[in-house]
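For reference, each letter of the sequence shown is one residue, going 1 to 268 in full-length UniProt numbering.
In this text, a Cβ means the ideal position worked out from N, Cα and C, and glycines have one as well.
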Amino acid sequence: MISVGPFSIQTVIVILAVAVAWIVARLLARRLADTSHKTAGGVVIDSVFWGLLAARLAYIIQWWDEYRVKPASMIAIGDGGFSWWVGVLVAIGFVWWRTRSIPALHRSVQGGVLAGVVAWIVAGSVVALMNRSAPPIPDLQLATLDGQAVSLSAYAGQPVVLNLWASWCPPCRREMPVFEQAQTEFSDIAFVMINQGESAQQAQRFLDSEQLSLTDVLLDHASQAMQSMNSRGLPTTLFFDAQGRLVDSHMGEITMPSLKDKISRHFN
């Protein structure tokens with residue numbers, strides 16, 4: 001699973017692109033006598049703010065049916081819910097509007113934004129190439145709640161969503177109803193809930209207390225899944241296609257809009 005510390009690779013790419021845009025805009029402004037490099041950097045930061053806001057609002061509109069069921073999830077930006085191309089277009093439009101009457105500032109900031117967009121596209125392409133060699137779904141030997149041995153290879157041949165969780169983990173507990181609903185709506189996808197490091201009694205007690213009807217709940221007493229997939233925390237959700245290739249991942253609590261978005265992009 002590609003990430004940098006607690007941040008997903010998508011977040012890191014956006015931060016990199018913003019940094020490139022800010023640096024290039026300031027460098028170009030330094031070479032122009034009619035503008036300030038601080039002003040140029042400030043315009044870039046302002047454009048990023050409005051771009052992010054637009055990207056989030058566009059994403060909420062796209063998945064409105066899911067967000068209106070749970071309005072509080074609209075502010076859960078940790079789910080990665082952004083329509084990035086909308087954000088880029090709004091940021092470019094803001095830069096044009098803010099610098100339209102100052103040619104020198106316009107050239108420096110537009111040059112910075114262009115450099116940031118190029119950095120974003122290149123970094124995204126590199127990550128896409130890296131994902132092609134991502135590790136396959138691990139062939140782990142796990143157990144069901146009633147003690148029956150089961151291998152993850154038994155789920156081969158269909159899209160698989162692995163969720164690594166534990167009952168002591170608050171965000172894991174909050175997202176469980178999302179997977180309960182998903183198991184009902186997407187019967188052609190295997191949602192495999194792999195408990196990390198707990199006993200069958202602990203896992204079953206939690207499911208009963210929350211009145212959750214989840215299938216494919218497996219026990220991973222030694223937390224092998226976290227080790228084999230380089231997971232840095234719980235909850236972690238991993239998306240594998242029908243060929244067993246890792247196509248996406250999400251660390252932290254996932255919302256229904258974000259889950260459906262990833263499913264629609266990777267599993268049609």
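Does the Cβ-Cβ distance between Q158 and A242 come in under 7 Å?
yes
Starting from the C-beta of D248, find all residues in its chain whose C-beta is less than 7 Å away, skip the five residues before and the five after it, and write them out in chain order.
F239, K262 and H266
Verify whether the separation of the beta carbon atoms of M193 and V161 is less than 7 Å.
no
On the premise that L145 lies in contact with Q204, defined as a C-beta separation below 8 Å, what is that separation, rounded to the nearest angstrom?
Contact flag correct, Cβ pair sits at about 6 Å.
Apart from the five residues just before and just after I77, which ones in its own chain have a Cβ nearer than 8 Å to its Cβ?
R56
Since V24 and G112 should fall inside the 8 Å C-beta cutoff, what is the C-beta to C-beta distance between them, to a whole number of angstroms?
4 Å
For the region 173-244, which segments carrying the beta strand (DSSP E) assignment without a break, of at least 3 residues, lie completely within its bounds, in sequence order?
190-196, 217-220 and 236-240
Coarse secondary structure for D139, derived from DSSP in three states:
coil
Tell me the rounded alpha-carbon separation between M256 and R107.
42 Å
Buried or exposed for P235, going by 16 or more other Cβ atoms inside 10 Å?
buried
With H, G and I counted as helix, E and B as strand and the rest as coil, what does DSSP make of T99?
helix
Relative to the alpha-carbon of G233, which residue among E253, L32, I45 and A149 has its alpha-carbon at the smallest distance?
E253
Whose C-alpha, out of R68, L140, L219 and W84, is nearest the C-alpha of S153?
L140
Return the first residue and the last residue of the alpha helix (DSSP H) that L16 is part of.
I9 to R30
Among S223, Q181 and G93, which one has its Cα closest to the Cα of A190?
Q181
I think G41 touches R26, with their Cβ atoms under 8 Å apart; what is that distance to the nearest whole Å?
5 Å
Do you know offhand how far N163's Cα is from S73's?
19 Å
Label M229 either buried or exposed according to how many other C-beta atoms from any shown protein chain fall within 10 Å of its C-beta, with 16 as the threshold for buried.
buried
Can you give me the C-alpha to C-alpha distance between D79 and M130, rounded to a whole angstrom?
22 Å
Among V126, F179 and P177, nearest to I9 - alpha-carbon criterion:
V126
Give the range of the alpha helix (DSSP H) segment to which D46 is assigned.
That run of the alpha helix (DSSP H) goes H37 to Q62.
In whole angstroms, what separates the C-alpha of Q224 from that of N195?
10 Å
Any C-beta of chain B under 7 Å from that of L140
Protein chains in the displayed structure number just one, and chain B is not present.
Buried or exposed: which applies to V69, given that a residue is buried once 16 or more other Cβ atoms fall within 10 Å of its Cβ?
exposed
What is the DSSP secondary structure of A149, reduced to helix, strand or coil?
strand
Which value, in whole angstroms, describes the spacing of the CA atoms of G93 and T237?
35 Å
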